[in-house]
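Below you'll find the structure, written out as structure tokens, and then a few comments.
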């Protein structure tokens with residue numbers, strides 16, 4: 074989702090330590106409904122680090138954040154991935170197989186929240202991004218920042234499979250005369 078036109082610290086912001094980043098991906102960007110099983114972010118450059126990562130999803134009608142204080146309540150979020158000691162910045166695509174796949178309707182926008190904590194080191198790591206005004210909110214615990222560089226993301230979507238109806242087996246009826 075998105076074509077890289079820039080790079081920035083999101084979605085993991087390893088330079089700040091413990092941080093949450095909220096991102097709104099529009100339904101038109103995603104393009105279809107389905108069961109989201111994987112999520113990946115396009116890595117640009119920086120040093121390899123390890124961290125504890127939690128990823129949350131929610132559907133939202135918001136198309137942008139109204140201010141840096143427009144943080145989504147935790148009760149509105151669904152935890153889809155949780156990992157400890159996750160190695161970041163070690164491949165071109167940082168891929169996360171979701172612990173709990175998410176059923177995305179395709180009708181609303183997708184809110185993705187990435188929480189990073191317990192970093193092995195803080196460093197300036199950069200991720201491929203594209204410009205989309207007011208769709209990224211960075212919450213470092215002390216300061217909130219509204220930003221416009223949204224990370225390029227790849228989703229693995231599996232469309233819901235509806236089984237084909239099974240036709241009844243063909244039967245043949247033969248007539249016979251029975252005399253009683």
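Numbering (our numbering), first residue to last: 74 to 253. Glycine residues also receive a C-beta, built at the ideal position from the N, C-alpha and C atoms.
Could you tell me if residue i is buried or exposed, where buried requires 16 or more neighbouring beta carbons within 10 angstroms of its beta carbon?
| i | result |
| --- | --- |
| residue 170 | exposed |
| residue 146 | exposed |
| residue 167 | buried |
| residue 124 | buried |
| residue 160 | exposed |
| residue 86 | buried |
| residue 120 | exposed |
| residue 222 | buried |
| residue 231 | exposed |
| residue 164 | exposed |
| residue 180 | exposed |
| residue 157 | exposed |
| residue 182 | buried |
| residue 83 | buried |
| residue 89 | buried |
| residue 131 | buried |
| residue 208 | buried |
Which partner residues does residue i have in the DSSP bridge list?
| i | result |
| --- | --- |
| residue 144 | DSSP, once it has assigned bridges, lists no residue as partnering residue 144. |
| residue 93 | 188, 212 |
| residue 194 | BP columns for residue 194 are empty, so no partner. |
| residue 170 | 111 |
| residue 207 | In the DSSP output, where bridge partners are listed per residue, residue 207 has none listed. |
| residue 132 | 183 |
With DSSP as the reference, label residue i as helix, strand or coil.
| i | result |
| --- | --- |
| residue 163 | coil |
| residue 151 | strand |
| residue 124 | strand |
| residue 102 | helix |
| residue 84 | coil |
| residue 175 | strand |
| residue 229 | strand |
| residue 119 | coil |
| residue 139 | coil |
Take residue i and list the residues in its own chain whose beta-carbon comes closer than 6 Å to its own, dropping the five residues that flank it on each side.
| i | result |
| --- | --- |
| residue 198 | 87, 119, 162 |
| residue 229 | 110, 111 |
| residue 92 | 86, 189, 213 |
| residue 102 | 74 |
Skipping 5 residues on each side, what residues in its chain have a beta carbon closer than 7 Å to that of residue i?
| i | result |
| --- | --- |
| residue 191 | 124, 125 |
| residue 204 | 78, 79, 221, 222 |
Can you list, in chain order, the residues of its chain with a C-beta nearer than 8 Å to that of residue i? Leave out the 5 residues immediately preceding and following it.
| i | result |
| --- | --- |
| residue 242 | A caution first: residue 242 carries a pLDDT of 47, below 50, which makes its placement in the model unreliable, though a value can still be read off. Taken in chain order, the list of residues that qualify is empty. |
Does the Cβ of residue i lie closer than 7 Å to at least one heavy atom of the ligand ZN?
| i | result |
| --- | --- |
| residue 176 | Looking for the ligand ZN in the displayed structure turns up nothing, as the structure carries no ligands at all. |
Measuring CB atoms only, is the stretch 172-185 touching the stretch 101-109, in the sense that at least three cross pairs come out at less than 8 Å? yes
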